[in-house]
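Those sequence lines, one after another, are chains A and B.
Per the UniProt record's numbering, the first sequence runs over residues 1 to 180.
Per the UniProt record's numbering, the second sequence runs over residues 1 to 180.
Structure first, then comments.
There are 2 protein chains.
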Amino acid sequence: MRADARRNRARILAVAQEVFAERGPSASTEEVAARAGVAIGTVFRHFPTKHDLLAAIMKELRERLIDKAETLIAEGDPGTAFYDYFTFLVESSAKIGTVVALLAQEGTSIEPGEQVMALNHTVGALLDAAREAGTVRPDVRLDEVMALLIATTHGALAAAWSDDLRHRTVALVLDALRPH
Amino acid sequence: MRADARRNRARILAVAQEVFAERGPSASTEEVAARAGVAIGTVFRHFPTKHDLLAAIMKELRERLIDKAETLIAEGDPGTAFYDYFTFLVESSAKIGTVVALLAQEGTSIEPGEQVMALNHTVGALLDAAREAGTVRPDVRLDEVMALLIATTHGALAAAWSDDLRHRTVALVLDALRPH
DNA sequence: TGACAAGATGAGTCCTGACTCATATTTTAG
DNA sequence: CTAAAATATGAGTCAGGACTCATCTTGTCA
Chain A
1 MRADARRNRA
11 RILAVAQEVF
21 AERGPSASTE
31 EVAARAGVAI
41 GTVFRHFPTK
51 HDLLAAIMKE
61 LRERLIDKAE
71 TLIAEGDPGT
81 AFYDYFTFLV
91 ESSAKIGTVV
101 ALLAQEGTSI
111 EPGEQVMALN
121 HTVGALLDAA
131 REAGTVRPDV
141 RLDEVMALLI
151 ATTHGALAAA
161 WSDDLRHRTV
171 ALVLDALRPH
Chain B
1 MRADARRNRA
11 RILAVAQEVF
21 AERGPSASTE
31 EVAARAGVAI
41 GTVFRHFPTK
51 HDLLAAIMKE
61 LRERLIDKAE
71 TLIAEGDPGT
81 AFYDYFTFLV
91 ESSAKIGTVV
101 ALLAQEGTSI
111 EPGEQVMALN
121 HTVGALLDAA
131 REAGTVRPDV
141 RLDEVMALLI
151 ATTHGALAAA
161 WSDDLRHRTV
171 ALVLDALRPH
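Structure follows, in structure tokens:
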């Protein structure tokens with residue numbers, strides 16, 4: 001792969017994240033190209049389909065999210081790591097927006113979607129650890145947690161909550177998971 | 001207004017609710033026309049803009065939602081009416097889908113939006129009653145409740161939760177609002 | 001450095017979906 | 001029953017956005 005091609009690919013990917021975060025997944029490929037300072041054909045050379053572009057973003061994002069989870073597992077208190085991660089994901093969605101696309105677009109399609117599967121697995125591990133540490137009610141199930149996560153994440157993005165409101169709301173949701 | 005015109009208007013409105021519930025707000029006006037058994041021009045005669053059509057749906061929906069609230073206030077236990085209403089709204093969104101458009105489309109626009117204002121007011125009344133009856137934590141604020149409502153509603157629709165999962169998730173969320 | 005393959009360009013195609021309007025049809029008042 | 005007014009019709013216009021490709025440009029390697 002030529003050096004300039006690699007540079008362009010990276011630049012397009014970065015810019016696309018911004019654009020889709022701001023305008024939602026219906027933003028035009030034209031705008032991505034324009035903001036990347038590149039002709040539209042170049043975008044389609046690297047990502048033959050708009051869907052491919054979105055998929056690439058989601059893949060990168062997933063890696064970032066899983067990195068964060070591994071850091072928390074390695075360094076953090078198992079009792080609080082779960083809560084920290086939940087909060088981190090909601091914060092990310094408020095800023096990055098794409099998390100929502102990740103969770104939603106896949107959620108509505110038929111197949112579970114590998115991104116969601118991976119996240120499921122990660123959150124599940126943190127949840128188990130927290131349960132064992134006694135900081136999460138033992139009867140809380142993973143699918144409920146994922147549902148709360150999707151809901152909070154969607155809400156934070158769709159309704160553009162203020163920082164303050166977002167914090168208070170997440171606190172309420174997480175309180176629901178704590179033992180008594 | 002001619003009799004057939006009135007009939008058509010009503011039919012279009014009813015069908016449009018179905019279509020938008022199934023396909024989301026991006027469903028085409030063509031499809032609404034087709035399913036209503038009417039030419040596309042007729043749809044545009046009654047609703048000059050797609051936005052007008054959505055607005056009409058939302059208005060009708062709002063009236064239905066507020067009716068329900070008034071019934072609950074009049075007949076129900078003030079301690080549980082709030083919880084029943086919250087549940088009712090989420091159930092509705094799971095079926096009607098349009099609630100989401102109502103809460104979201106408006107939420108992202110600049111002005112608060114009269115639909116959301118009205119719902120705010122209604123939920124606020126129920127929340128106050130429940131607080132007074134002691135079935136809701138005194139420190140829970142209306143904006144937090146609305147945030148949870150939007151989130152749950154979005155989540156239920158976007159992720160197509162099963163009935164069972166929806167019930168459990170709503171139960172968790174509502175537990176977060178109960179005193180201890 | 002030269003030449004060629006990889007890459008970039010952007011005007012153009014195709015399609016979808018909102019909206020229009022000249023014409024045909026129906027309702028209804030008288 | 002009839003004519004004017006109100007409606008309905010649906011082919012057509014227009015705009016936006018995904019995607020293509022003939023042509024030009026540039027990186028790289030001998």
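A virtual CB, placed ideally from N, CA and C, is assigned to each residue, including glycine.
CB contact below 8 Å: residue 96 of chain B versus chain A: no
8 Å contact criterion, which residue 155 of chain A and residue 167 of chain B should meet: CB distance rounded: Residue 155 of chain A to residue 167 of chain B, Cβ: 19 Å. No contact.
N-terminal and C-terminal residue of the alpha helix (DSSP H) that residue 170 of chain A is part of: 163-175
Three or more C-beta pairs below 8 Å linking the segment 131-140 of chain B and the segment 135-154 of chain A: no
Length of the line joining the Cα atoms of residue 19 of chain B and residue 30 of chain B: 11 Å
Cβ-based burial, residue 64 of chain A [other Cβ within 10 Å; buried from 16]: Of the other Cβ atoms in all chains shown, fewer than 16 fall within 10 Å of the Cβ of residue 64 of chain A; this residue is therefore exposed.
Own chain partners of residue 45 of chain A with C-beta closer than 6 Å, once the 5 adjacent residues on each side are dropped: none
For residue 123 of chain B, the three-state DSSP class (helix, strand or coil): helix
Partners in chain B for residue 175 of chain A, counting only beta-carbon separations shorter than 8 Å: 176
Buried/exposed call for residue 122 of chain A, threshold 16 Cβ in 10 Å: buried
Interface flag, residue 110 of chain B vs chain A, CB-CB below 8 Å: Because residue 110 of chain B sits at a pLDDT of 40, beneath the cut-off of 50, its placement in the model cannot be relied upon, and the point is left open.
Stretch pair the segment 35-52 of chain B + the segment 69-85 of chain B: three plus CB contacts closer than 8 Å: Result no; under three Cβ-Cβ pairs closer than 8 Å.
Reduced DSSP secondary structure (H/G/I, E/B, other) of residue 1 of chain B: coil
Beta carbon proximity, residue 11 of chain A to chain B, threshold 8 Å: For residue 11 of chain A, the closest Cβ of chain B is not nearer than 8 Å.
Burial state of residue 224 of chain A (16 or more Cβ within 10 Å): Residue 224 of chain A falls outside the range modelled here, since chain A spans only 1 to 180, and no answer is possible.
Presumed contact (8 Å Cβ cut-off) between residue 158 of chain B and residue 150 of chain A, rounded CB distance: 7 Å
Reduced DSSP category for residue 77 of chain A - H, G, I as helix; E, B as strand; rest coil: coil
Bounding residues of the alpha helix (DSSP H) (the contiguous stretch that carries residue 178 of chain A): Residue 178 of chain A -> no alpha helix (DSSP H), and no H or E assigned at all.
Residue 41 of chain A, enclosing alpha helix (DSSP H) - first and last residue: 40-46
Residues that residue 84 of chain B contacts on chain A, provided the C-beta gap is smaller than 7 Å: Within chain A, no residue comes near residue 84 of chain B; the closest Cβ sits about 19 Å away, beyond 7 Å.
Proximity test, Cβ basis, 8 Å: residue 151 of chain B and chain A: yes
Option nearest residue 119 of chain A by Cα separation, candidates A:130, A:146, A:94: A:146
Residue closest to residue 175 of chain B, alpha-carbon to alpha-carbon, out of B:163, B:95, B:80: Of the candidates B:163, B:95, B:80, B:80 places its Cα closest to the Cα of residue 175 of chain B.
Own chain, CB closer than 7 Å to residue 173 of chain B, minus 5 neighbours either side, in chain order: 148, 152
Contacts around residue 129 of chain B, its chain only, beta-carbon distance under 6 Å, and the 5 residues preceding and following it disregarded: Excluding sequence neighbours, residue 129 of chain B sits near 78.
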